[in-house]
Each structure stands twice: as structure tokens, then as C-alpha cells.
């Protein structure tokens, strides 16, 4: 038997058997390979990259908006929950079906349906992998800027559902800034478009932005029109090192205030730097708390901007180094991308667990949160690395435990909780770009206060029976 | 007697007398100057810059969030409508109280409460005038980029409520891109914050963006935290002329695709140019359909960008001219700002009426909408000028009538309707930056289809009695 969503009092309350649901689904999708209840497959869909788990009853792989609409109509009438899923790279359980029901694996809807350079946009299906999208745009001289660490795997639909961003968002903005129009299937199967091909509009509620970041709780995205940006002609990298994270933070503000818009602005704290150095002897890294600036544009503009960054940093920097070659630059980015895994290379028994990993604070409070995180890590006795997108206040925290030791997991969860609370105390957010899902749902009231009730009212208005991705974002009213 | 909002069936249905409402309001605001029912004052609040009219019953000028909250609580319980208003510069009737009731004149809440350069943001009250805000930011070397034509009068609250933009949004984005957090008083008086001081967050529904552009129908904005941008060090202007609007449009796409982000990109069609020339003989203007590009940044970067623009335009341009001095540049912008009024200087009996003035289309369809608008104007026999923010597809249409002639008004309304329909047929929007209000409410269904029902559901969820700015955006279900 399948768990039914509570729904409204006057809704019919019969139970639905898995067998009858399957029969109905197969009437919609006449392809055995696309409707599955195989236990090994279900298991794969019960996880994402977080610690959250939940077993679906059935997995469906739709190929069209029409199929998604029919599936939702069915689920709505039978009060079965539906959780849409892209690549499952999420770090907060957003795509895990907590109440069982149907998982919609959107990964087969993965086409670039149009590249329209003359309108500076492209249209894609939600299952398209982000890096595949950029490969498709390259011949046109364009790219889609948001660049999460998982860009080789994660899907555009998942990025929109989480308002994903990454290193380049300090210059280019988050996913939100690129969504022009979403085709969305609502809980009852109705298909809407939230926007249009127009780059700018002021005509009613911004449903595009409401859907972006709503983690599949308001509708299922089946198509997206996205703004695209011209590929820059040149990039340069500059490494600046400071005697403290505080000095580093101040230098970042000086750079950003000077009118330079770096295409990346990453902090690697001194612990992170020392681990990286031990890990890869070839890397030429300065000592201290390091800020890595990247600029992009033309040869001339990047040269000018690098000079400007050096000027803004020089009063307090203990060292300023330019990456001297394309290769040195690539090495540096490769190191940055792998930073979270580097401790495991040194101490193979240690594993990084993604909890408390995505806090954000106002830029000027970055030094405070770094200090606070170190204090918590010392206190609970777990090693920690701190790095992140300092240009928009997003600190990634990597906590490491020996997964064979039971008590370490409790310490880990305690540390994560204290990190979340510390970020909120500094006027911050528990999630900067990884979403809330289930893993951070318990902080929604604390972060949003009475605004959570507004979110809940919107959820009830659009999904009265609560079939869409239930159990997430603390949206179900008590 | 005051018109009461219909509300829910079970809501008490007594009528409220103006006298008793006034008494209650005066208990909240013990200052006769801030609660008014004087007919001459009420008349001032019955209009904005559009053709829409509606008389309020009482005008209140709150000074604090607490007062706004108490007023809304009162209005909610008594089912009296509340329309918030900034400077009344709106062009669609958004601030006109169609159902009478209370007008909240927010213009006395006009302080810059904080400039926080280290977090790249400022906090303001909604009644602050946009240019006053920029005056306050200047000493810090920062500015608030959205720049509507009415920037000398319009308020930040009104800009947020309409998601206003202006010429520089092609580079800097619309108001939406700058709002970090709104303090909003909901229909029942509850005060919420939609965001925080963090530059980036992915933690629940984006209520900030939902409120931005909702034209006072979901809540009353009482405070805003806004991102600010560093003032550019240099600006340059380049005028390019083409043999057709189509060629002009194609050149714009070539420029934007080349990686140049102009800080303005304005089209002035050949009719507009010829009127401007007759109007001000000093202006050095080329013939043809003109695109005015502005770039900002450093001396070196703007020099490089101007070269890039010239290169991208030269294959098809009939002329390319640089503004040779600061003064030439200022003259050009002054002409651009006054373009809408210029016909009246030549033919004093003609007045510009703001209808059909804010359509937007996908960039590549700009030539088609220009042609279509000319066709409509020829057809109805009213003179027209066409200009606008071509870089984001926003065409401003200036229609002129002799207001002393009765039949001209009918022709005008016919032309406006046909222009709106033409924009929608081209996949566009009836409002790019001026909002929907009442003037364009009849196009909501056609533009949004079933998505309008989602907007209505959100409206009902947040304002069940319908007291907030009723009669706008076609939000009231049949």
C-alpha cells in the first residue's frame, strides 16, 4: 500500500494499491523500461549526496511534458506524492522521496531544444546536464554562467529548483538571473508558462522566480528558456595572501568597491592552504589566508583589472602572485575544485560529510564565521576546512569524520547544528546555494520567522493536497 | 459609507461609516496633518500619471512600520481597501484607489537608514526618492543603478512595487536584481522580512522577488535592503545610424554577443530623430535609425568597448559618431530624456498620452514591432514616435493627440489596444517596466494564460479578503 497525502477533509480517502497505480501509470507510459519498481533501482532513487534517505514506490522516466502532466493528474486524484529528480547530486535531500510515492526521473528529458543567439537565449529540457549545455553553446561563442561544483553531473532542472550558483556568481549572478521562462506542470497536471522570451517584463507576479529555488514543491519544471552570456575572450588569475581572514575579507570589500567585478573571488583559509600544500607538492601556494581572484573579459580589460586588484590588496597583503600561465591557472582551479576531498587523500580513513556545508553571511562577517567555525571544530574535535565564495558571503565548511567510529557522527551533527545557528546569529542563511531540502528544514522558522507562514500559504494554495515533494522546507503546517 | 471588500462568505458584513473609520485611524495616528479627508487632497490622490482615476475616502501618511501594521490590521478587520502610494508617477493606475478606502501615502517614510559599504548595500524607507538615494550614496562612491525616466520624483517603494528599470538595466539589471530584503506588512498587519543582508541565499521561496513587481497587491513595503554598485570612473557615448530599424536591431545583437555589456543601448527611430532635429537645432544627430550606445567602466575599458562597438556596427552602419565631450554627451542624454515631449514643442496643440507605451518583445523582433506600430499609427491617423531600451527589447511608443478633439481619444485607445496585441503576438509583454495596474489589466489572461490562475491563488492566499490595492492586475477571480 502507498502512503497517501492527507489532503483536504472533503477529499476521498480510499487507499491506493501499488498494483492499481502501476496499471494506471502504464496506461500513460507504454514502455516497461520507463516505469520501474525493481528494488535495486528504487534503492538508487532513495538517496542523494546528503545523509537523507527515503524509498520511492515507483520510478517513472517521462519523455515529454504531456506525460508529466498526465502522471501528475493521476497522482493528484489518487493523492500519491511525486518527487521530481535530476541527477541526484543535491546535498540536502531535496530529491529524496520522503513519503514514498512516485519519483519522476527527469534525466531522459535532456535536449537543448533551441539556441537563439539573436535573442541571447536558449531553451532546454530540465534533465540536461549543465556541462553538456555549455558544450552545446560553445560553438555559438556563448555559455551558461552558473557553475556549481557538480556541473559535470547536475541537471539544469535541479539547478533551477535549487537556485544553484557556484564560483562565478559573484560576477554573473545565480541561476535565478538566467531564467526567463519556465514551463511548469502544477500539482493537478495543469501546464503553465511563468514568463516568455522577453528579457525584461513587469506584468504580474514573478512566478519564474517563485518557482526558481522552490525545490519541486510547487510544480515540476519541464522546460526552461534561459539567458546565455557571451564567452569571455580572456581570463587571469591572481592569488593574494593575508595574515588573517579578517584582513582577507577587508581586501575583498576594497576590490569589489573599486568597481572591479571579479569573475571569481574565493577564500581558502590557512588550514585549507596547508592541507592543499601537503596534498599536492607541485602547487605553488602562498602562506596565510588566501583569496583567489579571477577576472574575465578582454586581454586589455583583464590586465587592467588585475592591476586594480593588486592595488586594492597591496596595503595589507603579505603576498600577491599572478598565475603565470594557462596551465598554472588550471592547476589552481583543479586544486580549488578538489579542496573538499583533499584531507581524505592525506588521511584515507577520514571522509568528508556534507552537513553545515553551505552557510552564508553578510560579506563583512566572513571573518567572524570563519573564526566561529574553527572554534566549533576545535570544541567537538573534528578537523575542518573552510573555503568558499567570499565575494557573496558563502562559506563552504568541510567537516571530516572517521565513518567507522559511531560517536563521530553525533559530534558531526552537533557541529553542523552549531554552524547553522552561528550563521543565523550573524544575520546569515543556512543555505546559500545548496537548498534546504530536508537536511536544513528545521532552521526555516528561525531563519524566516512569520515569512515561513507566507511560504506555507503559497504551498497550500498551489498544492492543496500536498503531493509535491512532501516533507521538505518545513512547508507542512502543524 | 465606505465600499467594503467582498471577503469570504463567513466574514461579518456590516457597513463601516467613514466617521467611525476616521476615529479609529486617529487613535493610531494622533496627528491631524497625517490623516486627511479634505476633498482637494483626496482629489490629488485620485490620479497618477495615467488615464485611470479613483477617489479615496481617506489619506493617511504613516511614519513607521508600526503605524502601517496597525492601519492594515484595522482595515483588515473592517474590510476597507488599502492602496499604498509613493510619488504617483505610475503610468498604469497602480497607485489609484479604485475601490476608495484608505490611501497610504508612504512619501514621509523617506530616510536612508543605513549605508553599509562593507556589505555593498544600503537600507532605505520606501518613500525615499530615487535620485535623493543616489545623492546620499555619491559620497561613498556608490550608486543604485535602476534609473526610470521619473528618477527625480519616483520613490524606491514604487520602483520595487513595479520592478522599475530604465536605460541602464541592459547592463545592470532591473530593480529586482538589487532587492536583498523587504520588510513587508501583510494584509492582516503581520510584519515579515522576505530576505536578509546576505547577497545570496537558497533557503525557501523567493518572497523578495514575489513582492517585487506585485504592485502593492500582496503587502505594503515598509523598508528595503538594497544592493548598491560602485560608481563607474568613466563613461563614453557612441552614436550609430542604420538604413533600417532591422539593421539597427541586428547590430545591437552583434554588439551584445561580442561580450560588450553597454551601460545603455537605446534606439531612436527615424521619425523620432527627425522630430528631435527640428526641435533642437544644436543637436548633432545623424540621419536614419539611430542606436545610442553608452559604456561605463575605466578609461581604458571604455575606450576598448567603444572600439568593439564600432567594429561590430561598421559592416552595416551608415554612420558612427563618438560624443566628443562631456557636454555633447549630456546634451544627447537630455535630448533622449525629453524625446517623449518633443513633438509638443513643435505642435503645441498635441499632447503625449501614456497608453500602449511600454511593450516589450524578444530583441530580434524589435524591427517588427517598430514596423507594426508605425502601421497602426498610419492606420488610425495619429502621430507616433518610437524609441526605447532595445538592448532588452523594450519599445516606448509615444502617441500624440489633440486633447481638445473628442474622436482622437477613441483612436488613441484603439491604437494602444492594437499595439498591446501586436506585442503579445510577437511573444512579448504588454508591460516591460511600467507595470500592469488597471490600464493593462485586460491583457493579463492573454499574456499569462493559466498562469494567471496561479497569481490569483497566491493573491487569495495572502490577502483573502482582497483589501490590498483591489481592481489591479486582473487578480480578482470571476
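Residue numbers (the working numbering), protein chains in the order written: chain C, 5 to 482; chain X, 5 to 482.
In this text, a Cβ means the ideal position worked out from N, Cα and C, and glycines have one as well.
Note that the structure is predicted; figures quoted are calculated from it, not measured.
- Contacts with chain X (Cβ-Cβ distance below 8 Å) from the segment 163–186 of chain C involve 166, 167, 168, 169, 173, 177, 178, 180 and 181, listed in chain order.
- Within chain X, the residues whose beta carbon sits less than 9 Å from that of residue 123 of chain C are 257, 366, 367, 368, 369 and 397, listed in sequence order.
- For the segment 202–219 of chain X, the set of positions with a beta-carbon nearer than 8 Å to some beta-carbon of chain C reads 202, 203, 204, 205, 206, 207, 208, 209, 210, 211, 213, 214, 216, 217 and 218 in chain order.
- Among the residues facing chain C, residue 425 of chain X is not included, as its CB has no counterpart in that chain under 7 Å away.
- DSSP places residue 185 of chain C in the strand class (E or B) of the three-state scheme.
- The segment 424–432 of chain X makes no contact with the segment 406–415 of chain X, as fewer than three CB pairs between them are under 8 Å.
- For residue 126 of chain C, same chain residues with a beta-carbon under 7 Å away, outside a window of 5 residues either side, are 116, 118, 119, 120, 141, 230 and 232 in chain order.
- When the beta-carbon positions are compared, residue 56 of chain C and residue 97 of chain C come within less than 7 Å of each other.
- In terms of Cα proximity to residue 449 of chain X, the closest of X:481, X:65, X:133 and X:467 is X:481.
- Taking the C-beta atoms as reference points, residue 277 of chain C is found nearer than 7 Å to residue 289 of chain C.
- Inside the segment 154–212 of chain C, DSSP marks whole alpha helix (DSSP H) runs of 4 or more residues at positions 160–166 and 173–176, from first to last along the chain.
- When DSSP states are grouped into helix, strand and coil, residue 389 of chain X belongs to the strand group.
- Contact between the segment 206–218 of chain X and the segment 99–110 of chain X is not established, with fewer than three Cβ pairs separated by less than 8 Å.
- For residue 437 of chain X, the chain C residues whose C-beta falls within less than 8 Å of its own C-beta are 204 and 206, listed in chain order.
- The continuous beta strand (DSSP E) containing residue 229 of chain X extends over residues 224–231.
- By the Cβ rule, the segment 347–355 of chain C does not count as touching the segment 289–299 of chain C, because fewer than three pairs are nearer than 8 Å.
- Every unbroken stretch of the alpha helix (DSSP H) spanning 4 or more residues and falling wholly within the segment 18–103 of chain C is given here in chain order: 22–32, 43–48 and 69–82.
- For the C-beta of residue 308 of chain C, the chain X residues within less than 8 Å are, from N- to C-terminus, 302, 304 and 305.
- Within chain C, no C-beta atom comes nearer than 8 Å to that of residue 78 of chain X; the closest sits roughly 19 Å away.
- By the neighbour-count criterion, in which a residue is buried when 16 or more other Cβ atoms sit within 10 angstroms of its Cβ, residue 255 of chain C is buried.
- Around residue 50 of chain X, the same chain offers 57, 58, 59, 60, 100 and 101 as residues with beta carbons nearer than 8 Å, after the five sequence neighbours per side are excluded.
- For residue 263 of chain C, the nearest beta carbon of chain X is closer than 7 Å to its own beta carbon.
- With 16 or more other Cβ atoms from the protein chains shown falling within 10 Å of its own Cβ, residue 173 of chain X counts as buried.
- Put simply, of X:112, X:257 and X:434 the residue whose alpha carbon is nearest the alpha carbon of residue 227 of chain X is X:112.
- Approximately 5 Å separates the beta-carbon atoms of residue 165 of chain X and residue 220 of chain X; this is inside 8 Å, confirming the contact.
- For residue 237 of chain C, the chain X residues whose Cβ falls inside 8 Å of its Cβ are 263, in order along the chain.
- Per the C-alpha coordinates, the member of X:393, X:418 and X:201 positioned closest to residue 380 of chain X is X:418.
- Closer than 7 Å to the CB of residue 143 of chain X there is not a single CB belonging to chain C.
- Within the same chain, Cβ atoms closer than 6 Å to the Cβ of residue 216 of chain X are found at 164, 167, 180 and 183, the five residues on either side in sequence being excluded.
- Within the segment 440–456 of chain C, those residues whose Cβ lies closer than 9 Å to any Cβ of chain X are, in chain order, 440, 444, 447, 448, 451, 452, 453, 454, 455 and 456.
- Within the same chain, Cβ atoms closer than 6 Å to the Cβ of residue 83 of chain X are found at 8, 9, 11 and 469, the five residues on either side in sequence being excluded.
- Annotation: Cβ neighbours of residue 197 of chain X in chain C (cutoff 9 Å, chain order): 452, 453, 454 and 455.
- In the three-state DSSP reduction, residue 106 of chain X falls in the strand class (E or B).
- Judged by pairs of C-beta atoms under 8 Å, the segment 314–331 of chain C touches the segment 231–247 of chain C, as three or more such pairs exist.
- Residues of the segment 40–65 of chain X that bring their beta carbon within less than 9 Å of a beta carbon in chain C are absent altogether.
- DSSP places residue 326 of chain X inside the beta strand (DSSP E), whose first and last residues are 323–326.
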